[in-house]
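End of the sequence shown sits at 567 in the numbering used here; the numbers just go up one at a time, nothing left out. Using N, Cα and C, we set each Cβ at its ideal position, and we do this for glycine too. Heads up: the structure comes next, in structure tokens.
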Amino acid sequence: MGVLMELQPHPELRRHVEHLNFMLYHTQQDLDNARAYANQTHLALATHADAIKMLAHDRKKLRLQRAKKDATIVRLRAKIASLEATVKAQEDQLREMGEDDGGVLQEEEFYVANAANDPLYLWDITFLSDDDDFEEDEFTEEEDYEFLEAGPDDFVAIDVDEE
405 MGVLMELQPH
415 PELRRHVEHL
425 NFMLYHTQQD
435 LDNARAYANQ
445 THLALATHAD
455 AIKMLAHDRK
465 KLRLQRAKKD
475 ATIVRLRAKI
485 ASLEATVKAQ
495 EDQLREMGED
505 DGGVLQEEEF
515 YVANAANDPL
525 YLWDITFLSD
535 DDDFEEDEFT
545 EEEDYEFLEA
555 GPDDFVAIDV
565 DEE
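The following block contains the structure:
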């Protein structure tokens, strides 16, 4: 029962069986190739989908950065306009003071003109001072000894020369 019977070699039947075997073999190869191609296509589509997601994320991030920069530019332009208005108001105020005071504005223009030619000129003028700029402190000797706080049992001697 488990042994196949040998068929009589029939030329037409043998040719038909060989033809079916040939078609079955090539069909299996075509199916394997189609499966491999489908797997490659699926992998390529998944890769492209990931790339599209990443590009969309980057695009959104760049749009947010651009909007933030645009907002910063608008804010800075408004600040510049405000500062220009302040400078203009101060220049007008200086002109009014210059008309009232006489030659103060001309001296400032002289300093600015020399500063444009020699940057160290304005630096030197800025740090020059007169003795009138300083006021003498009164009672500085007692203030110098304030850091020495006397306790209840301590005695701190202070030498004060009276002039």
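Buried/exposed call for residue i, threshold 16 Cβ in 10 Å
| i | result |
| --- | --- |
| residue 528 | Low local confidence applies: a pLDDT of 46 at residue 528 is under 50, so the model's placement there is unreliable, with the coordinate-based value given in what follows. Under this definition residue 528 is an exposed residue. |
| residue 452 | exposed |
| residue 530 | Confidence at residue 530 is low in this model, with a pLDDT of 46, below 50, so its placement is unreliable and no value can be given for it. |
Reduced DSSP category for residue i - H, G, I as helix; E, B as strand; rest coil
| i | result |
| --- | --- |
| residue 569 | Look at the range of the chain in this structure, 405 to 567, and you will see that residue 569 is not part of it. |
| residue 420 | helix |
| residue 414 | coil |
| residue 526 | Interpretation of residue 526 is limited by its pLDDT of 47, a score under 50 that renders its predicted location unreliable; no figure is taken from the coordinates. |
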